[in-house]
Amino acid sequence: GESVGLHLPTLSVQEGDNSIINCAYSNSASDYFIWYKQESGKGPQFIIDIRSNMDKRQGQRVTVLLNKTVKHLSLQIAATQPGDSAVYFCAETPRDSGGSNYKLTFGKGTLLTVNP
Amino acid sequence: NAGVTQTPKFRILKIGQSMTLQCTQDMNHNYMYWYRQDPGMGLKLIYYSVGAGITDKGEVPNGYNVSRSTTEDFPLRLELAAPSQTSVYFCASSFGTGSTQYFGPGTRLLVL
């Protein structure tokens, strides 16, 4: 079936380095993608989103890149800080949601650890 | 705004017991959702609601029931708890289609 998956389950970086978290999706009709951050014991927190008519979107210290040709999504975090340590999930809207985001399909998540 | 609040934070149930997980949002969002998150996994949608009086099944609805009598509240009911329902449950809300989902802090449930 359709799925959203992650290339790497864990990522360890040094404080101040840039981080790149990757996500692959299989549904070519997916048109809305979101990155969430989940700290230990807390609910997911919205980071940034992107629609399929875009290939790049920037926020504060974060950038999301979308490559529809290879169905790949990435989250780039600039100057990674210890407070960025968390699990990061990508999510997408499945084909039959009519383009709305009320049926998100989540990947398993990548654990980002920032070493001081 | 308090955002999305959930109670209780943690609960232990015996097999066959029932309970209701409470979820309230004060953002006047039309859409509300219930997810479960198993260890090391992403979130799976249990039920969702697009407005008061309207609910629909998500990916994993078996063993659960919901109701939406008001815009603010979206309780999740477990009638006959089973060990497979041991998980962390998250409630979320959004204004409408194409908008961000905001999550509550979660309820950790252990069924023994």
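Chains as they are written, first to last, in the numbering used here: chain H, 9 to 124; chain D, 424 to 535.
Yeah, the Cβ is synthetic: ideal placement off N, Cα and C, and Gly gets one too.
Among the bridge pairs identified by DSSP, V122 (chain H) is matched with H:V21. For F41 (chain H), no chain D residue has a C-beta closer than 8 Å to its own C-beta; the minimum C-beta separation is roughly 12 Å. Listed in chain order, the non-local C-beta contacts of N488 (chain D) below 6 Å within the same chain comprise R500, local neighbours out to five positions each way being set aside.
Excluding its 5 nearest sequence neighbours in each direction, I29 (chain H) has C-beta neighbours in its own chain below 7 Å: L19, S82, L83, Y96, T118, L120, listed in chain order. Of all residues in the region 491-518 of chain D, the ones placed with a Cβ closer than 7 Å to any Cβ belonging to chain H are F513, S517, in chain order. For D39 (chain H), there is no enclosing beta strand (DSSP E), as DSSP gives it neither H nor E. DSSP, reduced to helix, strand and coil, places G474 (chain D) within a strand of the structure shown. Between the region 48-55 of chain H and the region 435-447 of chain D, the count of Cβ pairs shorter than 8 Å is below three; the stretches do not touch. S27 (chain H) is bridged by DSSP to H:I85.
G49, K50, G51, P52, Q53, F54, D57, R59: these are the residues of the region 49-78 of chain H whose beta carbon lies less than 9 Å from some beta carbon of chain D, given in chain order.
Residue environment: I55 (chain H) is assigned as buried (16 or more neighbouring CB atoms within 10 Å of its CB, all protein chains considered). Chain-ordered, the chain D residues with CB closer than 9 Å to the CB of G115 (chain H) read G465. Under the 10 Å beta carbon count, M455 (chain D) is surrounded by 16 or more other beta carbons and is classified as buried.
Per DSSP, the beta bridge partners of M455 (chain D) are D:S472, D:S516. Cβ neighbours of R69 (chain H) within its own chain (closer than 7 Å, five residues either side excluded): I85, A86, A87.
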